[in-house]
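Visitor: Residue 328 in my numbering sits at position 68 of the sequence shown; the count goes up by one each step and never skips.
Glycine included, C-beta positions come from ideal geometry on N, C-alpha and C.
Note that the coordinates shown come from a computational prediction; the quantities given were computed from them, not determined experimentally.
My questions will all concern the structure given below.
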Amino acid sequence: MRETGRRRRLSLKTSIEEEIAQLRDLDLKGLRVHWRNAFGKAAPEPLTRYLLFRIIAYRLQADRLGDLDAETLKLLKQAAGQEGPASAVSKNLTRLDQRRFAPPPGTVLVREWDRKSHRVMVMPDGYAWNGKSFDSLSQVALAITGTKWNGPRFFGLRDRRPQINAGESE
């Protein structure tokens with residue numbers, strides 16, 4: 261029974277991959293026809309073949325495997341100017357970015373700087389270092405070094421360079 265479920269997942273994955281491969285072979289006119297079938301309306305004229313392909317491929321995967329969660333979709337609609345004021349969008353994007361990189365409360369971050377070990381406690385509403393509270397890791401890094409830093413990068417929570425997976429090319 262386990263094997264059957266595994267085979268189904270593999271065939272679903274293969275099926276999606278095959279459909280995306282077929283999309284790659286379509287020219288601009290073919291992608292526009294596929295768009296009309298997928299979205300029920302004509303593709304926007306300014307979209308290039310590359311963008312049509314990417315959007316259709318995304319929709320295919322989202323339909324089969326599930327789309328983004330409701331909160332992320334709402335945030336993206338706001339960012340695209342479809343709803344909500346710009347300041348709210350900026351605040352929500354910042355919150356989403358921080359949530360993506362912030363370790364859970366109670367975590368202790370350790371960073372050596374100037375031959376001293378600095379311990380920072382992640383709190384529910386910010387960070388604590390040397391008996392003081394800070395709103396961001398960047399503020400903590402500034403207090404430690406005296407210069408501006410990207411806080412998550414300073415504490416090793418972000419890579420310095422984007423990673424390229426094996427087999428990918430730029």
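Could you say which of I276, S398, I404 and H294 lies nearest to K376 if we only look at CA atoms?
Guide: Sequence index remark: in the sequence shown, residue 376 carries index 116 (1-based). Considering only alpha carbons, the answer is I404.
Visitor: Of the residues D374, P363, A388 and I276, which one's Cα is nearest the Cα of R418?
Guide: Here residue 418 is taken as the residue at index 158 of the sequence shown, counted from 1. Closest option to R418, Cα to Cα, is P363.
Visitor: Name the two residues that bound the continuous beta strand (DSSP E) containing W409.
Guide: The residue labelled residue 409 in the question sits at position 149 within the sequence shown. Run containing W409: none; DSSP gives neither H nor E here.
Visitor: In angstroms, rounded to a whole number, what distance separates the CA positions of R314 and R292?
Guide: Within the sequence shown, the letter at position 54 stands for residue 314. Within the sequence shown, the letter at position 32 stands for residue 292. So the two alpha carbons sit approximately 12 Å from each other.
Visitor: Of the residues R319, W373 and R379, which one's Cα is nearest the Cα of G366?
Guide: Here residue 366 corresponds to residue number 106 of the sequence shown, with the count starting at 1. Of the listed residues, the one whose Cα sits closest to G366 is R379.
Visitor: Out of T308, R324 and F299, which one is the CA nearest neighbour of I276?
Guide: Along the sequence shown, one-based indexing puts residue 276 at 16. The candidate whose alpha carbon is nearest that of I276 is R324.
Visitor: How should W295 be labelled, buried or exposed, when 16 other C-beta atoms within 10 angstroms of its C-beta is the threshold for buried?
Guide: Residue mapping note: residue 295 aligns to position 35 of the sequence shown, counting from 1. With 16 or more Cβ atoms within 10 Å of its Cβ, W295 is classed as buried.
Visitor: Taking the alpha helix (DSSP H) that L311 falls in, what are its first and last residues?
Guide: Residue 311 sits at position 51 when you count from the first residue of the sequence shown. Element bounds for L311: R309 to L325.
Visitor: Given this structure, state the Cα-to-Cα distance separating V400 from W409, to the nearest angstrom.
Guide: Residue mapping note: residue 400 aligns to position 140 of the sequence shown, counting from 1. Residue mapping note: residue 409 aligns to position 149 of the sequence shown, counting from 1. For V400 and W409, the distance between alpha carbons rounds to 9 Å.
Visitor: State buried or exposed for G411, treating a residue as buried only when at least 16 other CB atoms are found within 10 Å of its CB.
Guide: Position 151 of the sequence shown, counted from the first residue, corresponds to residue 411. Label assigned to G411: buried.
Visitor: Let me confirm a value: Y387 is counted as buried when at least 16 other C-beta atoms fall within 10 Å, else exposed. Which label applies?
Guide: Mapped onto the sequence shown, residue 387 falls at position 127. Label assigned to Y387: buried.
Visitor: Assign W373 to buried or exposed, taking buried as 16 or more other Cβ atoms, counted over all protein chains shown, within 10 Å of its Cβ.
Guide: Walking along the sequence shown from the start, residue 373 turns up at place 113. It is exposed - the Cβ of W373 has fewer than 16 other Cβ atoms within 10 Å.
Visitor: For A302, does the count of other Cβ atoms within 10 angstroms reach 16, so buried, or fall short, so exposed?
Guide: Looking up residue 302 in the sequence shown gives position 42. Counting C-beta atoms within 10 angstroms of its own C-beta, A302 has fewer than 16 neighbours from the protein chains shown and is therefore classed as exposed.
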